[in-house]
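Undergrad: Under numbering that gives the first Met the number 0, the sequence shown has 201 at position 202, and the numbering climbs by one with no breaks.
We put the CB at the ideal spot given by N, CA and C, even for glycine.
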Amino acid sequence: MPHDDFPPGTIWLVGAGPGDPELLTRKAERLIAAAEIVFHDALVGPAILDLISPGAKRVSVGKRSGRHSKDQATIDTLIVEAARSGQRVVRLKGGDPAIFARTAEELSASARAGIPVRICPGITAASAAAAAATAPLTLRGLARRLSFVTAHARADAPLDMDWQALATPDATLAIYMGRTAAGTVMRQLIAAGRDPATPVLVVVNASLPTERVLRGRLSALSFLVETVSDTDPTLLIVGEAVGQQHGLAQAEATPAAATRAQPMAERRA
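Shown next as C-alpha cells:
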C-alpha cells in the first residue's frame with residue numbers, strides 16, 4: 000500500500016489510544032505498520048506493538064511513575080536523528096498525542112531540525128474511561144463543560160490548580176494520573192464549593208482486560224483509590240454526568256461496594 004503521507008525522513012506522532020488495539024484508528028494502524036523505527040511509551044501494550052513490522056526497530060522511551068527510561072531531551076534527539084538518517088519514524092504515544100503527552104517539545108525539536116512532522120490523533124483516556132462505565136461526559140442541563148487536567152506535579156511540588164474554576168457544578172472534570180493526588184483533589188474541590196455528594200468515577204486500566212470501574216461520591220474519593228496500585232493507569236472523573244448510567248443516577252458507594260472489584264463481564268451484564 001502506498002504511503003504518500005509518510006515518505007522517508009519524516010516523523011508521525013501517533014496516538015495509540017487507551018490500550019485496546021480495537022480502539023486504534025485505521026490510520027494509526029497503517030502508520031505503525033509502515034514505520035521503520037517506532038519510539039513507544041511504556042503504556043503501549045503488546046497487542047499494539049505487535050502491529051509493528053517485523054523488520055522495524057522498536058525503542059522503549061516510556062515514563063512510569065517517575066521512572067524514566069529516557070528524558071525528554073534525549074527522546075527529542077533520538078527521533079530527530081532517526082528521521083535525519085532517512086527512516087520513517089513513528090513516535091507512538093498512549094491515548095491522544097495532544098493531551099498531556101509532551102508533544103509540543105517533540106514538534107519543536109522536529110521543526111528546529113527541519114524535519115517534517117505530523118500528528119495522528121487517538122482516543123484519549125477520559126473517553127475510554129467514561130465508555131467503560133457506560134456513562135456520558137456531558138449532560139444537557141447539568142454538565143455543559145468538560146475540563147481535562149493532569150494531577151502530575153513536578154518533583155513533589157504542590158498540586159497548583161484554579162480550584163474555584165474546577166469546582167463549577169455544571170462541569171465534568173477528568174483528572175489524568177490522578178490516583179496519588181486523589182485526596183488533595185477531594186479536599187480542594189470541596190473547599191472550593193463542589194458538593195461532597197457529586198458523583199465520581201475511578202477507572203483503572205481503561206479498555207484493557209484488567210479494567211476496573213469504582214463508583215462513589217466526591218467525599219469518598221480518597222477511599223476509593225486505596226485499592227488501586229500505583230503502577231496501574233488511573234483516571235478520575237468528577238461530575239453529575241457520570242452519575243448517570245442507562246439514565247439512572249447511581250447510589251453512593253458504600254465502603255464494601257467501593258472495594259469490591261467486579262469482573263468486567265459481570266459489570267456489563
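#1: Distance, Cα to Cα, G246 vs A134?
#2: From which residue to which residue does the alpha helix (DSSP H) around I78 run?
#3: Given this structure, state the Cα-to-Cα distance separating K56 from G14, to the nearest angstrom.
#4: Taking 9 Å as the threshold (C-beta atoms), are L136 and A173 in contact?
#5: Kindly indicate which three-state DSSP category L217 falls into: helix, strand or coil?
#6: Go ahead and label R87 buried or exposed: buried means 16 or more other beta carbons lie within 10 angstroms of its beta carbon, across all protein chains shown.
#7: Since Q103 is in the alpha helix (DSSP H), which residue starts that stretch and which ends it?
#8: If contacts are defined as beta-carbon pairs under 8 Å, then S228 and A127 qualify, I think. What distance do you get, rounded to the angstrom?
#9: Per DSSP, G16 forms a beta bridge with which residues?
#10: Closer than 6 Å by C-beta to A181: which residues in its own chain qualify, once you throw out the five before and the five after it? Chain order, please.
#11: Relative to the ligand ATP, is the shortest distance from any of its heavy atoms to the C-beta of R143 smaller than 8 Å?
#12: Taking the alpha-carbon positions, what's the G112 to D161 distance?
#13: What is the C-beta distance between P198 and V148, in whole angstroms, given that I count them as a contact (C-beta under 8 Å)?
#14: For Q86, which of helix, strand or coil comes out of DSSP?
TA: In short, the structure shows the following:
#1: For this step, residue 246 is matched to residue 247 along the sequence shown. For this step, residue 134 is matched to residue 135 along the sequence shown. Reliability of the predicted coordinates at G246 is poor, the pLDDT of 46 falling under 50, and the value obtained from them is presented with this limitation in mind. The alpha-carbon atoms of G246 and A134 are separated by roughly 9 Å.
#2: Within the sequence shown, numbered from 1, the residue matching residue 78 stands at position 79. Here the alpha helix (DSSP H) through I78 covers Q71 to R83.
#3: Position 57 of the sequence shown, counted from the start, is the residue given in the question as residue 56. Position 15 of the sequence shown, counted from the start, is the residue given in the question as residue 14. If I take the Cα positions, the gap works out to 18 Å.
#4: Taking the sequence shown and counting its residues from 1, the one referred to as residue 173 is at position 174. Taking the sequence shown and counting its residues from 1, the one referred to as residue 136 is at position 137. Contact flag set, yes.
#5: In the sequence shown, residue 217 corresponds to position 218, counting from 1. DSSP places L217 in helix when its eight states are reduced to three.
#6: For the purposes of this step, residue 87 is taken as residue 88 along the sequence shown, with counting starting at 1. Per the 10 Å Cβ criterion, buried.
#7: Taking the sequence shown and counting its residues from 1, the one referred to as residue 103 is at position 104. Here residue 103 is Ala; the residue named in the question, Gln, does not match the sequence. Element bounds for A103: T102 to R111.
#8: Residue mapping note: residue 228 aligns to position 229 of the sequence shown, counting from 1. Residue mapping note: residue 127 aligns to position 128 of the sequence shown, counting from 1. Wrong, their Cβ atoms sit about 19 Å apart, outside the cutoff.
#9: Sequence index remark: in the sequence shown, residue 16 carries index 17 (1-based). Per DSSP, G94.
#10: Residue mapping note: residue 181 aligns to position 182 of the sequence shown, counting from 1. Within the same chain, A181 has close Cβ partners L220, S221 and V224.
#11: What this structure holds is no ligand at all, so the ligand ATP is not there to describe.
#12: Within the sequence shown, residue 112 is the residue found at index 113, counting from 1. Within the sequence shown, residue 161 is the residue found at index 162, counting from 1. A quick correction: the sequence has Ala, not Gly, at residue 112. Each residue's Cα considered, the two are about 36 Å apart.
#13: Within the sequence shown, the letter at position 199 stands for residue 198. Within the sequence shown, the letter at position 149 stands for residue 148. Incorrect: roughly 18 Å between the Cβ atoms, too far for contact.
#14: The sequence position of residue 86 within the sequence shown is 87, counting from 1. The answer is coil: DSSP assigns Q86 none of H, G, I, E or B.
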